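Residue numbers (my numbering), protein chains in the order written: chain Y, 62 to 332; chain S, 7 to 644.
Ideal Cβ positions, reconstructed from N, Cα and C, are used throughout, including at glycine.
Nothing here was measured: the structure is a model prediction, and the numbers come from that model.
So this is what it looks like as C-alpha cells:
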C-alpha cells in the first residue's frame, strides 16, 4: 500500500449489493491520476455498478472510495465532482437545447457556482475570460470548433460524444470516468475518438478511467487494465499482461480479440 | 365524546363521496400518467346535468342519475383519453396546463349555464333518519357509505383479478406490452378514463344536495380528494378510500369543535389542503413515483435568449405605455392593474419558462406582499421601503414552498403549490396578521409622489422595468444557464459539481420576491385590498394558463408573454360588462391553453412520440450496435 496521498482513485473492499444480489464484491482499485486505465468484463460483471459507486450514483454497501487522498465514500455526486471527478455517460447526457459552446463552457463554469454570493447571477469578468479561453482550447483539442454554434441536440451521436468529452475536459476534473464512450459510434468514429482522447488527455494532463466493451479500443488506449467477472476483480495489471493472461482470456476476451482460434473455442464454451 | 359521534357518521358519509372522486382520479392517473386537475370540474358539470334532468325536466331521480353518469362518463372519458394521449409526451408543465385548461373551460361553461350564484340542489335520496347508538343517522348517509365501500372493494377486486384491470395497471409503463397480451391499448386507456370520470360524476351528484349547485365549491370539494389520493400515494385505491374517510372525519370533528372555539374557525376548510401539502412535503425520497415519466420526453427546443432586448420591440412598447392614460382615460385603473399583473406574470415566467416548474400559488405570494406592505406602512415605514419589504417578506414563503420543489417535480410540485395556495387562502388569509381581524378590506394608500391616477400608473412600469431587469439578469446570467442545463440533463449538471437541489429553491425565492412586490402595488391602485383579490382558484390557475398560451411563440420572450397575458387576464375583462361574456372569455382562455399544451408536442423539431408508437432509434437505451445507432441528427436542417 502506498502513502495516503495516492494521486488518483483508490477503493478498498468496495462492495455493492442490490437486495440479496452481490453486484460488486470487495474490489480494490488503484487508478492513477495520469494515463488511461481500463475496466473490462463480460456483461453483468458489475462494471457499471462499480463505476456508479465510484461516482456516487450508487451507495457503497461496504468499503471506501478515496479520491486524491480524500475519503469520499459518503459524499454526494456533486461533492465528488468538486474533489476532482469528472464523468461521461453511457447514454450521452448533453444540455441538448444549448449550443456546443454553451455546453463546453458550462463544464468550466460549473466550478464557479456558489463560490461567492454573486456567483449565481453573473460571471466575474475574469471568470468569463478564463471560461472562454478554456472552452476554445478544449474544443480545438476535441476538433469540434466548427460545431461551436450548433445546438447540441441536433448533432450526431459521434459528435455528441465529442462534446461530452470536451465538456468534462473543460472542467477542473483531474480524473475522468468514461462510461462506454464508444457505444453508438461507428468503427471509424471509434478510431477518431481514441486518437483525440489520447491527445487531449496528454495535453491537459488528466487521468482517465474507462469502462469499455470494445476491446480494440481498450487495447489501443489503455496502459493498465482491471478485469471484473461476477463482481470480483480477476485481473489487475498492464494491458499487455491482460492480453496474455489465461484467466482473462477464459472469462472475457474470447468475445473479440486476440487470435481467431481462441476466439472460436471460447465462443463455443460460452454458448 | 358522545357529542362527536354524529360527526364521525357525517364524516364517514362525506368521506365516502370524496373517496369515490379520489379513487376515480387515481384510476385515470395510473392508467394515463396525466393528473386530471379538471376532475372536480367534471363532477360539477355532472351535478349540473343531473340538476337539469331531475329538477328542471322532472325526470325520476334514478333515470336522471343513469343518464347523467352514462353521458358524462362517456363524453368526458373519451375526451380526456384523447387529450391525455396527445400530451403524454409533453413537458410536465404542459401536462398540468392541459387539464387546468379543461378545468377553466368547464367551470366557465357551468357558470354560463347556471350563473355564479349558488342554487339550492334538491335532495333525491330518502331523508328519513333512524337512531342507532343514540345517534341520528339518515338513510341518505347509509346509502352513500355503502356506495363508497362497494365501489372501493369492487374496484380493488377489478384491478387485481380481471384482465382489463391488470391491463390498466400495466399500460402506463408499456402500452405495447399491453397490446401483446391481447388488449387494445387505446381501449384500456379509454375505459380507465370512462370509469375515472364516472366516479367524479357520482361524487358531484351525491355531494351537491349538501352544498347546493355551486361550481366553485363543487370543484373545490373534489380537490379535497387530492389529499386522499396523496395518502394513497396516487396509486393505492384502498389507502385512498381510507385517507378520504379519515380526512373528512377530521373536517367534521374540527368543524364541530370550532363551533365553540372561534379561533379554530378556519381549520376544517384548511385541513384537506394541509394534509395534501404535508404528505408532499414529508414523503420520503422515491415514495411518490411520477407515473408515466418514463415516456416523458423533452421536445421543446428553446432558441438561445436573444442578447439584446431590441429597440424595435422596446420603443413601441414604451410609446404605448406613455399613451395609455390618454387613450384609455375611462379604464385607467384597469390598465394600472394590468401593469401590476405584468410583474406578476414576469415572476411566474421565471419559473415556468426558465426553470420549467409550475407554481399554482403565485397569487399567494402576492397576498403576502400586499399584507406585508400594508402592515409595514402602518408601522410608519416609508412607502418605497415597504414595497421592497413586501418582496423580501415573500422570499421565505417562496423558499418554504420550494422545499418540495427540491425533491418533487412535475405534477407533484404543481400539486404542492396548489395545496399550499389553498391552505394559505383558507387558513392564513383569515389570520388577523394578514388581512386584519374583520372582514372589511384594508385601506391602502399611494405614495406621496404618485397620488394621482396618472402618476400612479406611470410609476408601475418603472417598477416593472426594474423587475424586468432582474428577470433578464437571471435569464441571461449564470442562473439562467444553469436552469436551462438542469432542465436538459440534471444528472450531467450534477456530475459537473453543481448542487442542483438548490437551483429550484433560488428560482422560487426570486419569483416570490417579484410576486410580493406586485401584490404590494395592487392595493393602492383602487385604495383597498382584501383576501378576495388573491384566490388560488381560479386566479392563480388562470395566470399559468394565460402565460403558457401567450408564451407559445418563444420569440416574444418573457416580457411579451407577460404583457399579453396581463392584458388578457385583467384589462380585457374590464371592457366586458356581461357576466356571460366574461365567462365566455375564460372559456376561450381555457380552450386556448389546452390547445397550447397539445401544440407543444407538435411544433417541435424533434417529433413527439405518443405512447404506443414505436420509439425512434435514438431513444433505444445503450445500443452498442453501430448500425442501429447510425448518426441521424447530423444532417438535420435547422
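Simplified DSSP assignment, three categories, for residue i
| i | result |
| --- | --- |
| residue 168 of chain S | coil |
| residue 94 of chain S | coil |
| residue 147 of chain Y | strand |
| residue 270 of chain Y | strand |
| residue 310 of chain S | Because the pLDDT of residue 310 of chain S is 44, which lies under 50, any placement of that residue in the model is unreliable, and the number read from its coordinates should be weighed accordingly. Three-state DSSP puts residue 310 of chain S in coil, outside helix and strand. |
| residue 540 of chain S | helix |
| residue 104 of chain Y | coil |
| residue 307 of chain Y | helix |
| residue 89 of chain Y | strand |
| residue 253 of chain Y | helix |
| residue 299 of chain Y | strand |
| residue 97 of chain Y | strand |
| residue 35 of chain S | helix |
| residue 118 of chain Y | coil |
| residue 288 of chain S | helix |
| residue 426 of chain S | helix |
| residue 72 of chain Y | strand |
Sequence-distant residues of the same chain with beta carbon closer than 6 Å to residue i, five excluded per side
| i | result |
| --- | --- |
| residue 11 of chain S | 141 |
| residue 78 of chain Y | 122 |
| residue 620 of chain S | For residue 620 of chain S, the predicted model reports a pLDDT of 40, less than 50, meaning its position is unreliable and no value from the coordinates is stated. |
| residue 370 of chain S | 427 and 430 |
| residue 111 of chain S | 593, 596 and 597 |
| residue 218 of chain Y | 245 |
Residue i: contacting residues in chain Y (beta-carbon distance under 8 Å)
| i | result |
| --- | --- |
| residue 490 of chain S | 156, 158 and 159 |
| residue 353 of chain S | Those do not exist, as residue 353 of chain S stays about 16 Å from chain Y at its closest Cβ, beyond 8 Å. |
| residue 606 of chain S | Simply none; closest approach about 14 Å. |
Partner residues on chain S for residue i, Cβ-Cβ distance less than 8 Å
| i | result |
| --- | --- |
| residue 183 of chain Y | 479, 483 and 484 |
| residue 197 of chain Y | Per Cβ cutoff of 8 Å: no residues; residue 197 of chain Y is ~18 Å from chain S at best. |
| residue 177 of chain Y | Result: empty, since nearest Cβ-Cβ is about 11 Å, beyond 8 Å. |
| residue 232 of chain Y | 502 and 503 |
Counted within 10 angstroms of its Cβ, other Cβ atoms place residue i as buried (16 or more) or exposed
| i | result |
| --- | --- |
| residue 240 of chain Y | buried |
| residue 500 of chain S | buried |
| residue 105 of chain Y | exposed |
| residue 63 of chain S | exposed |
| residue 341 of chain Y | The requested residue 341 of chain Y does not occur in the structure, where chain Y is confined to residues 62 to 332. |
| residue 81 of chain Y | exposed |
| residue 293 of chain S | exposed |
| residue 263 of chain Y | exposed |
| residue 313 of chain S | In this prediction, residue 313 of chain S has a pLDDT of 49, which is less than 50 and means its spatial position is unreliable; nothing more can be read from the coordinates. |
| residue 42 of chain S | buried |
| residue 391 of chain S | exposed |
| residue 166 of chain S | exposed |
| residue 644 of chain S | Interpretation of residue 644 of chain S is limited by its pLDDT of 30, a score under 50 that renders its predicted location unreliable; the figure taken from the coordinates is listed afterwards. The residue is exposed, with fewer than 16 neighbouring Cβ atoms inside 10 Å. |
8 Å Cβ cutoff, residue i in contact with chain B
| i | result |
| --- | --- |
| residue 357 of chain S | Absent from the structure is chain B; the protein chains it does hold are Y and S. |
Contacts around residue i, its chain only, beta-carbon distance under 8 Å, and the 5 residues preceding and following it disregarded
| i | result |
| --- | --- |
| residue 158 of chain Y | 212, 213 and 214 |
| residue 508 of chain S | 412 |
| residue 530 of chain S | 450, 451, 452, 453 and 462 |
| residue 244 of chain S | 158, 162 and 238 |
| residue 108 of chain Y | 100, 101, 102, 272 and 289 |
Cβ separation of residue i and residue j, assumed to be a contact under 8 Å, to the nearest whole Å
| i | j | result |
| --- | --- | --- |
| residue 524 of chain S | residue 353 of chain S | 7 Å |
| residue 292 of chain Y | residue 84 of chain Y | 6 Å |
| residue 377 of chain S | residue 511 of chain S | The Cβ separation is near 23 Å, so there is no contact. |
| residue 36 of chain Y | residue 286 of chain Y | The displayed coordinates of chain Y run from 62 to 332. Any statement about residue 36 of chain Y would go beyond what the structure contains. |
| residue 102 of chain S | residue 417 of chain S | 6 Å |
| residue 211 of chain S | residue 56 of chain S | 5 Å |
| residue 233 of chain S | residue 281 of chain S | 4 Å |
| residue 363 of chain S | residue 419 of chain S | 6 Å |
7 Å Cβ shell around residue i - same chain, five flanking residues per side excluded
| i | result |
| --- | --- |
| residue 283 of chain S | 422, 425, 426 and 429 |
Partner residues on chain S for residue i, Cβ-Cβ distance less than 9 Å
| i | result |
| --- | --- |
| residue 272 of chain Y | Simply none; closest approach about 12 Å. |
| residue 163 of chain Y | 310, 487, 490 and 491 |
Under 7 Å from the C-beta of residue i: neighbouring residues of chain S
| i | result |
| --- | --- |
| residue 276 of chain Y | Residues of chain S passing the Cβ test: none, with the nearest at roughly 13 Å. |
| residue 223 of chain Y | Residues of chain S passing the Cβ test: none, with the nearest at roughly 12 Å. |
| residue 170 of chain Y | 484 |
| residue 138 of chain Y | 500 and 501 |
| residue 142 of chain Y | 501, 502 and 503 |
Proximal chain Y residues relative to residue i, where beta-carbon distance stays under 9 Å
| i | result |
| --- | --- |
| residue 512 of chain S | 181 |
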